[in-house]
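First to last, the protein sequences are chains A and B. Just so you know, we're using this note's numbering here: the first sequence kicks off at 6 and counts up by one. Just so you know, we're using this note's numbering here: the second sequence kicks off at -6 and counts up by one. No residue lacks a Cβ here, since even glycine has one placed at the ideal position from N, Cα and C. Beneath this line is the structure, given in structure tokens, with notes to follow.
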Amino acid sequence: MNVPTVETFGQQVLHPKVEELIDLATELKQEGFNMVVDLTAVDYLSFPTRTDLPEDVKPERFEVVISMINHQTRERLRLRVQIEEENPVAPSLFDLYPGTESMEREVFDMFGINFSDHPDLTRILMPEDWIGHPLRKDFSVGQIPVQFKASKAKR
Amino acid sequence: MTSEVVETDNQSSPVLSNDERVRLREGSAVLRISESDATSKAGNEITETSDPSEETRMILNMGPSHPSTHGVLRLILELEGETVERSKPVIGYLHTGMEKTAETLSYTQGSTNVTRMDYASPLFTELAFSLAVEKLLEIEVPPRATWIRMLMCELNRISSHLLFQATNGMDLGAVSMMIYGWREREEVLRFFEKVTGLRMNHNYIRPGGVAVDLHDGWQADLRNLLEIIPPRLDEYDDLLTGQPLFQKRLQGIGSLNTSEALALSATGPILRSTGYDWDLRKDEPYLAYDQVDFDVIVGTHGDSFDRFAIRLNEVRESLRIVEQILDLIPSGDYRIQDKKITPPPRARIDESMEALIHHFKIFTEGFHVPPGEVYAAVESPRGELGCYLVSDGSPNPYRMHIRGPSFVNLQTLPHLMRGGLIADAVAVISSIDPIMGEVDR
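And the structure:
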């Protein structure tokens, strides 16, 4: 499959569209990329000036980053998928790589990105009734009330 | 504890080829129910089900405060009698938002944060973080720094595996093993204290090198260590490895085959116990692992006993590496002499205005890292430990993600426990060796 490819620090980085992801992953699996090592996301809300995307890739707020490895050729690959802010949905890789189950749950918990067709999309690190997604850039780190005059926190 | 033995693994699971067992959405070993559901059902026998075979099943919560769950792991178990049918690990009780915290800390402060993730092997997280930062900065650390890093990491692997021997023994009822394991680990920690000033959470490996050079007389301390530990390992063999009771508690308990382990993204001793030879130190050599001689230990059956034996023998391999480092370590700088990245020596600050400015800048603002994203991975005692770093050019990481091996390896737990007894579940949890600080981050 033809997707924009860049090389950063000796590693191939592929930029598929979100609708191409499953097809690409299927293809890569046949090629011998037998393990998804890591799956995470980045919220680019406060860093809109990034320049490391290829020209034909439209930057979106969220990005799902998938690291794969081919044990035979000892090759590593990274997939960066742009996810739009209005409809943050990505397809789940569970059927291809069951090991992504808890990683996708973590991304859902921390970023609010939904994985369609995931077997158990629930919060994993935060409590079930938690409101908000902590690793989003617009989620405040919070302040502890302290009794100093200059403190901005509520007293 | 019972010494009753279950003959084979996964008796109750249907006959499935290869890794189909872990791909199942319905009827797999993973109990996919919510935590609140589990709480309301806990202790009651399930009656509303239409399947008569499920009528005798019971939901049981184990943990988060249970001595054998290595901290705060909670398990929702679906039991039939004393047999574990399905289960779900519930994590997050130790979640402190360290990835979020990292975004507000500079790169200089960052290693103090990451070192608190995997508290049994803190140097590996520091190493992964430092390697990622150095890749973004495109700097090369001096050879001595690389070798010191390697020495400290191997010692840390030893202390971490000794801790595993201790807790594994304790979980299985070999309480004397607990005391021996902690005793030997203490010897290693004593060396760490001399070098870094701290027994745990060292903040020793930093971007640009290491914090301080090895102390005077470190060779003698290390030779002493190399004399103490090997005979103690042989004692472990007498006490555990050849012991029929111990073997019966572990052999054939919690088995996994290679394709299942690969499908579940398991790494480290879990993957190697299935007979799969994969170790980043050999297969993607970082630091100077290509210049030392060591073997990768693999198992055959993928059961709890193999995982125990692999960890015990990895200690021996690490000792071999440490011995070689003693002879091969080069002299020179222990950190890069780039005043924009590492602070100047204390004495220089009194003499040079420029040194004072650099010192001030590093410890107030931190250093700037060029924009970009990078992934660096190392082989921690638990598997692949990776650091994904995104920089926007400021002195703080834009995003810092740690790929924790325990977090991913924990997914194998329901599959390993299926069909075993609750007492075996304890052995299985122990054999995965999860460190909850790194699972929850």
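Going by other Cβ atoms of all chains shown within 10 Å of its Cβ, with 16 needed for buried, is residue i buried or exposed?
{"i": "Ser145/A", "result": "exposed"}
{"i": "Thr45/A", "result": "buried"}
{"i": "Trp135/A", "result": "exposed"}
{"i": "Pro7/B", "result": "No answer about Pro7/B holds up, because its pLDDT of 49 lies below 50 and its placement is not dependable."}
{"i": "Met(-6)/B", "result": "Annotation note: pLDDT 38 at Met(-6)/B (below 50); position unreliable, no value reported."}
{"i": "Asp2/B", "result": "The predicted position of Asp2/B is uncertain, since its pLDDT is 45 and thus under 50; a value taken from the coordinates is nonetheless stated next. The residue in question, Asp2/B, is buried, as its Cβ has 16 or more Cβ neighbours within 10 Å."}
{"i": "Lys81/B", "result": "buried"}
{"i": "Ser58/B", "result": "exposed"}
{"i": "Glu0/B", "result": "With a pLDDT of only 43 at Glu0/B, under 50, the local geometry of the prediction cannot be trusted, and the value read off the model is given with reservation. So Glu0/B ends up on the exposed side."}
{"i": "Leu50/A", "result": "exposed"}
{"i": "Met170/B", "result": "buried"}
{"i": "Ser33/B", "result": "exposed"}
{"i": "Lys128/B", "result": "buried"}
{"i": "Arg79/B", "result": "buried"}
{"i": "Asp164/B", "result": "buried"}
{"i": "Ala256/B", "result": "buried"}
{"i": "Gly174/B", "result": "buried"}
{"i": "Pro96/A", "result": "buried"}
{"i": "Arg183/B", "result": "exposed"}
{"i": "Met91/B", "result": "buried"}
{"i": "Met110/B", "result": "buried"}
{"i": "Asn217/B", "result": "exposed"}
{"i": "Lys63/A", "result": "exposed"}
Hey, quick one: how far does the beta strand (DSSP E) through residue i stretch, first residue to last?
{"i": "Asn54/B", "result": "Arg50 to Met55"}
{"i": "Leu393/B", "result": "Note that residue 393/B is Met in the sequence shown, not Leu. It spans Arg392 to Arg396 - the beta strand (DSSP E) in which Met393/B sits, taken as one unbroken run."}
{"i": "Asn75/A", "result": "Phe67 to Asn75"}
{"i": "Glu80/A", "result": "Glu80 to Ile88"}
{"i": "Leu68/B", "result": "Arg67 to Glu73"}
{"i": "Ala167/B", "result": "Segment: none, Ala167/B is in no beta strand (DSSP E) and carries neither H nor E."}
{"i": "Leu379/B", "result": "Sequence check: residue 379/B is Gly here, not Leu. Start and end: Gly376 to Ser384."}
{"i": "Thr13/A", "result": "Thr10 to Thr13"}
{"i": "Tyr368/B", "result": "Gly365 to Ser373"}
{"i": "Val18/A", "result": "Gln16 to Leu19"}
Taking Cβ-Cβ distances shorter than 7 Å, what residues in chain B pair up with residue i?
{"i": "Glu133/A", "result": "Ser27, Glu28 and Ser29"}
{"i": "Pro103/A", "result": "Val15, Arg16, Ala256 and Leu257"}
{"i": "Pro124/A", "result": "Arg18 and Arg25"}
List the residues of chain A that residue i touches, going by C-beta distances under 9 Å, in chain order.
{"i": "Ile172/B", "result": "Result: empty, since nearest Cβ-Cβ is about 34 Å, beyond 9 Å."}
{"i": "Gln236/B", "result": "Residues of chain A passing the Cβ test: none, with the nearest at roughly 34 Å."}
Who does residue i pair with in a DSSP beta bridge?
{"i": "Arg202/B", "result": "Looking at the sequence shown, residue 202/B is not Arg but Gly. BP columns for Gly202/B point to Arg199/B and Arg328/B."}
{"i": "Thr45/A", "result": "Val70/A"}
{"i": "Met40/A", "result": "Ile74/A"}
{"i": "Val23/B", "result": "Ser80/B"}
{"i": "Phe120/A", "result": "Ala95/A"}
{"i": "Leu414/B", "result": "Thr76/B"}
What residues from chain B crowd round residue i, counting only those whose CB sits closer than 9 Å?
{"i": "Asp143/A", "result": "Simply none; closest approach about 12 Å."}
{"i": "Asp100/A", "result": "Arg16 and Arg18"}
{"i": "Asp43/A", "result": "Ser258, Tyr368, Ala370, Glu377, Gly379, Tyr381, His394, Arg396 and Val401"}
Quick test of your reading: residue i and residue j, contact by CB under 8 Å. State the CB separation rounded to the nearest angstrom.
{"i": "Met115/A", "j": "Pro93/A", "result": "Met115/A to Pro93/A, Cβ: 12 Å. No contact."}
{"i": "Tyr100/B", "j": "Val362/B", "result": "6 Å"}
{"i": "Ile425/B", "j": "Asn402/B", "result": "6 Å"}
{"i": "His208/B", "j": "Met131/A", "result": "His208/B to Met131/A, Cβ: 43 Å. No contact."}
{"i": "Met3/A", "j": "Glu32/A", "result": "In the structure as shown, chain A starts at 6 and stops at 160, and residue 3/A therefore has no counterpart that could be examined."}
{"i": "Val41/A", "j": "Ser266/B", "result": "With 8 Å as the limit, Val41/A and Ser266/B do not qualify as a contact, their Cβ atoms being about 21 Å apart."}
{"i": "Asn39/A", "j": "His76/A", "result": "6 Å"}
{"i": "Arg192/B", "j": "Phe185/B", "result": "6 Å"}
Could you work out which residues of chain B lie near residue i, taking near to mean beta carbons separated by less than 8 Å?
{"i": "Asn119/A", "result": "Within chain B, no residue comes near Asn119/A; the closest Cβ sits about 16 Å away, beyond 8 Å."}
{"i": "Asn39/A", "result": "Leu255"}
{"i": "Thr13/A", "result": "Gly365, Glu366 and Val367"}
{"i": "Arg83/A", "result": "Tyr368"}
{"i": "Ser72/A", "result": "Tyr368, Gly379, Tyr381 and Arg396"}
Along chain A, in chain order, which residues have C-beta atoms closer than 7 Å to that of residue i?
{"i": "Lys93/B", "result": "Pro139, Leu140 and Val146"}
{"i": "Thr97/B", "result": "Val146"}
{"i": "Gln404/B", "result": "Gly104, Glu106 and Ser107"}
{"i": "Glu277/B", "result": "Arg79"}
{"i": "Tyr391/B", "result": "Phe52"}
{"i": "Lys128/B", "result": "Phe14"}
Could you name the residues of chain A that residue i contacts, counting a contact when the two beta carbons are closer than 8 Å?
{"i": "Trp271/B", "result": "His76"}
{"i": "Ile461/B", "result": "Past the boundaries of the shown model lies residue 461/B; chain B is included only from -6 to 434, so the question cannot be answered."}
{"i": "Pro364/B", "result": "Arg55, Thr56 and Asp57"}
{"i": "His88/B", "result": "Leu130 and Met131"}
{"i": "Asp433/B", "result": "Leu130"}
Alpha helix (DSSP H) containing residue i: first to last residue?
{"i": "Arg242/B", "result": "Pro237 to Leu243"}
{"i": "Val134/B", "result": "From DSSP, Val134/B is part of no alpha helix (DSSP H); its letter is neither H nor E."}
{"i": "Leu349/B", "result": "Met346 to Thr357"}
{"i": "Arg265/B", "result": "Pro262 to Arg265"}
Give the residues of chain E in contact with residue i, contact being defined as C-beta atoms less than 7 Å apart.
{"i": "Val47/A", "result": "Absent from the structure is chain E; the protein chains it does hold are A and B."}
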